[in-house]
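Chemist: Protein chains in written order, with the numbering used here: chain A, 1 to 246; chain B, 1 to 246.
Below: one structure in structure tokens.
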């Protein structure tokens with residue numbers, strides 16, 4: 001049985017202000033919860049109905065479906081829900097390719113970008129403070145465990161770029177150079193902007209090379225590509241040379 | 001004022017069986033509705049609150065916010081809702097690059113793929129009959145008007161590939177050849193599979209070349225890429241050569 005105060009605490013974690021107050025976030029689904037248990041994240045408590053999870057008993061509480069429904073953020077709860085600690089925001093050490101997000105707002109987009117960075121071996125994502133919180137339950141869900149392997153840091157991104165002036169900044173723009181013709185280095189910042197407005201004016205001045213994914217359709221009415229889709233193509237372009245052994 | 005039967009009819013269009021019965025679908029939002037008005041789709045009726053749409057008056061009904069809320073599928077209705085006719089499913093003439101979907105189920109994924117095909121100049125998407133319906137309101141919303149420029153056809157995809165045996169079939173697989181090393185032709189089928197199960201066994205035998213997007217992350221636990229994300233990278237690879245003038 002869950003106490004009322006436990007339910008209230010967990011439910012409050014849908015809101016950023018309570019996540020920040022308690023420094024806690026939640027993960028749902030057996031696979032996802034197990035990935036976070038196995039990771040560097042600190043476990044607080046794990047609630048399961050009949051799932052088989054490899055975790056020390058001291059964290060484990062068996063609950064019934066009805067209780068799980070009370071604490072779950074999913075329309076169809078997934079047998080396991082874990083509460084974990086939000087780690088301290090460390091300084092990012094920029095070693096290789098790093099994605100910088102300037103005001104990405106949609107949780108699904110951030111989740112997809114985290115998953116992409118995991119796939120393409122990008123260790124750090126540096127987000128402006130107005131980017132959606134990566135511990136938002138929808139982001140955690142969409143990132144499919146990749147959040148255990150990719151560091152997402154919230155910084156004054158202008159300050160980060162200032163401090164790393166020797167690293168080139170490639171910005172995704174509607175009017176830029178054809179990405180397919182560019183020589184892309186192994187160490188770089190890839191700057192992606194907000195869904196509706198793109199990269200903010202303030203940040204545009206930091207771009208050393210604006211990149212565009214050329215459009216092939218006949219009619220030019222087509223909207224710009226979605227930010228997660230554009231990120232996938234850009235990361236693929238940065239990585240493709242390394243993967244062709246010739 | 002809307003009659004009860006009008007409201008009932010429009011609301012019923014959230015379900016595929018009623019869309020098929022009436023051969024109607026809906027579009028929401030000023031920009032989207034205007035794009036469909038300007039396209040080859042046949043207009044049935046347009047409902048607006050205070051939007052300024054360029055359309056013959058005979059189709060136009062001005063309604064209040066309360067009525068719009070009754071017929072809208074959005075949590076925040078967008079001032080305009082259009083009802084259009086579903087066109088007859090024609091035979092696909094395979095001229096260039098064609099995307100073939102084998103059981104894609106998520107409306108957001110199909111919407112994103114339609115938008116991507118629009119961007120990359122792919123004229124036809126051929127879907128297996130168990131792929132999500134492109135006139136589903138969520139697909140229409142996610143495709144952002146691209147459905148007016150890209151033809152989405154529902155066919156026995158096995159039969160289509162049989163009939164076009166001279167065109168190579170590139171299938172997205174977890175175990176395939178490195179896409180970055182392949183010479184990709186201008187005329188081809190790109191076969192993409194279901195979110196959870198990939199390309200069905202039945203269809204795998206039609207693949208002339210299995211393609212894989214290499215993974216760069218250290219840990220191999222990473223889930224496969226999302227089908228829409230993988231489609232974006234594959235389409236980009238097919239088009240990149242054409243865009244580099246050297």
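Backbone N, C-alpha and C define an ideal beta-carbon position, used for all residues, glycine too.
So the candidates are A:208, A:179, A:173, A:153; which of them puts its Cα closest to the Cα of residue 243 (chain B)?
Modeler: A:179
Chemist: Check each residue of the stretch 124-149 of chain A: if its Cβ is closer than 8 angstroms to any Cβ of chain B, include it; give the result in chain order.
Modeler: 144, 145, 146, 149
Chemist: To test your reading of the DSSP string, which unbroken alpha helix (DSSP H) runs of 4 or more residues are found completely within the stretch 175-231 of chain B?
Modeler: 201-204
Chemist: For residue 172 (chain A), write down the residues that DSSP places opposite it in a beta bridge.
Modeler: A:211
Chemist: Classify residue 246 (chain A) as helix, strand or coil using the three-state DSSP reduction.
Modeler: The pLDDT assigned to residue 246 (chain A) is 41, lower than 50, so where the model puts this residue is not dependable; a value taken from the coordinates is nonetheless given after this. Coil.
Chemist: How long is the line joining the alpha carbons of residue 79 (chain B) and residue 136 (chain B), rounded to whole angstroms?
Modeler: Answer to the nearest angstrom: the Cα atoms are 19 angstroms apart.
Chemist: Going along chain A in order, which residues have a C-beta closer than 8 angstroms to the C-beta of residue 226 (chain B)?
Modeler: 112, 115
Chemist: Closer than 9 angstroms by beta-carbon distance: list the chain A residues that pair up with residue 239 (chain B), in chain order.
Modeler: 180, 214, 216
Chemist: Would you mind sorting residue 110 (chain A) into buried or exposed? The rule is 16 or more other CB atoms within 10 Å of its CB.
Modeler: buried
Chemist: Put residue 104 (chain B) into one of helix, strand or coil per three-state DSSP.
Modeler: coil
Chemist: State the beta-bridge partners of residue 248 (chain A) as determined by DSSP.
Modeler: Residue 248 (chain A) cannot be examined here, being either before or after the span of chain A that is shown, 1 to 246.
Chemist: Shorter than 8 angstroms from the beta carbon of residue 243 (chain B) to some beta carbon of chain A?
Modeler: yes
Chemist: So which residues of chain B does residue 61 (chain A) contact, with C-beta pairs closer than 8 angstroms?
Modeler: Those within 8 angstroms of residue 61 (chain A) in chain B number zero; the least Cβ separation is about 26 angstroms.
Chemist: Give me the DSSP bridge partner(s) of residue 81 (chain A).
Modeler: A:28, A:47
Chemist: Taking residue 148 (chain B) and residue 73 (chain B) to be in contact with their CB atoms under 8 angstroms, please state how far apart those CB atoms are, rounded to whole angstroms.
Modeler: Not confirmed; about 19 angstroms, so no contact.
Chemist: State yes or no: is the beta carbon of residue 49 (chain A) nearer than 8 angstroms to at least one beta carbon in chain B?
Modeler: Residue contact with chain B for residue 49 (chain A): absent (no Cβ-Cβ distance below 8 angstroms to any residue of chain B).
Chemist: Since residue 263 (chain B) and residue 46 (chain B) should fall inside the 8 angstroms C-beta cutoff, what is the C-beta to C-beta distance between them, to a whole number of angstroms?
Modeler: Residue coverage of chain B in this structure runs from 1 to 246, which leaves residue 263 (chain B) outside it and unanswerable.
Chemist: As a quick exercise: from B:144, B:142, B:98, B:146, pick the residue whose alpha carbon is nearest that of residue 191 (chain B).
Modeler: Out of B:144, B:142, B:98, B:146, B:98 has the C-alpha closest to the C-alpha of residue 191 (chain B).
Chemist: Distance check for residue 214 (chain B) and residue 56 (chain B), CA to CA, integer angstroms please.
Modeler: 52 angstroms
Chemist: Would a check of beta-carbon distances place residue 14 (chain B) closer than 8 angstroms to chain A?
Modeler: no
Chemist: Any Cβ of chain B within less than 8 angstroms of the Cβ of residue 76 (chain A)?
Modeler: With its beta carbon at least 8 angstroms from every one in chain B, residue 76 (chain A) lies outside the interface.
Chemist: Output, in chain order, the set of chain B residues within a Cβ distance shorter than 7 angstroms of residue 232 (chain A).
Modeler: 229, 232, 233
Chemist: Buried or exposed, going by whether 16 or more other CB atoms sit within 10 Å of the CB of residue 224 (chain A)?
Modeler: buried
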